[in-house]
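*Asks:* Structure incoming, see below.
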């Protein structure tokens, strides 16, 4: 009876050892289990986000190599549009920065009211604020965000960029607006400098 129990105990210990060795040999599987919505990719791997049903946006983090930041940023971006994630969040780590690619479900636009709501009035500038130098341009290490907005007014892009930069404590360096897939869609690109990089919930 004692010999049968010894054999059983030996088999249990061996099985546990094999499972532990297998888990430690593949860290990427463990990471994928903890955060299943984030996927690392090579720089040459294309990121697919169908523009007909989704809104594509990307963001550069200049001071982090943590792919979890991509998940938090993309989730917050989609929540700001009041839509869920439309696909897998992609994370590309390069020397000096990390790129996040996000795909959000496109917000529904009522056919009865195709125009955007009036933009929020701009607050008056502070009296003692120095003018931004014209030579200021977006450079390496700045936070760059691009998003597609369902509207027809570039003022919405300007207001969104100001809010996006102020939430991180930075300032606007560049703000660009272009017509998207239709006259009711605008592509907004914002470059912020200073402040703390991190997920922004707009």
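Residue numbers (this note's numbering): -18 to 183. We put the CB at the ideal spot given by N, CA and C, even for glycine. It should be emphasised that the depicted structure is a prediction, and the values quoted were computed from it without experimental measurement.
Considering only residues of the same chain and omitting the five flanking positions on each side of residue 128, which have a CB-CB separation below 6 Å?
*Replies:* Result list for residue 128: 38, 169, in chain order.
*Asks:* Classify residue 127 as helix, strand or coil using the three-state DSSP reduction.
*Replies:* DSSP places residue 127 in strand when its eight states are reduced to three.
*Asks:* State whether the region 135 to 145 contacts the region 96 to 103, with contact taken as three or more CB pairs (one from each stretch) at a distance under 8 Å.
*Replies:* Touching, per the Cβ criterion.
*Asks:* Could you give the residue range of the beta strand (DSSP E) that holds residue 156?
*Replies:* 152 to 160 is the extent of the beta strand (DSSP E) around residue 156.
*Asks:* Could you give the DSSP three-state label for residue 79: helix, strand or coil?
*Replies:* Residue 79: strand per DSSP, three-state reduction.
*Asks:* Would you kindly report the start and end of the unbroken alpha helix (DSSP H) that includes residue 143?
*Replies:* First-last of the alpha helix (DSSP H) with residue 143: 135 to 148.
*Asks:* For residue 140, which residues of its own chain have a beta-carbon under 7 Å away from its beta-carbon, when the five flanking residues on both sides are left out?
*Replies:* 100, 101.
*Asks:* In its own chain, which residues sit with a C-beta less than 7 Å from the C-beta of residue 89, not counting the 5 before and 5 after it?
*Replies:* No residues qualify anywhere along the chain.
*Asks:* For residue 156 and residue 148, I'd like the C-alpha separation in whole angstroms.
*Replies:* Residue 156 and residue 148: Cα-Cα distance of roughly 16 Å.
*Asks:* Where are the alpha helix (DSSP H) runs, 4 residues long or more, that stay fully inside the region 30 to 68, in chain order?
*Replies:* Within the region 30 to 68, the complete alpha helix (DSSP H) runs of at least 4 residues are 49 to 61.
*Asks:* Assuming the contact rule is C-beta atoms closer than 8 Å, residue 145 and residue 126 should be a hit. Round their C-beta distance to whole Å, please.
*Replies:* Confirmed, about 6 Å.
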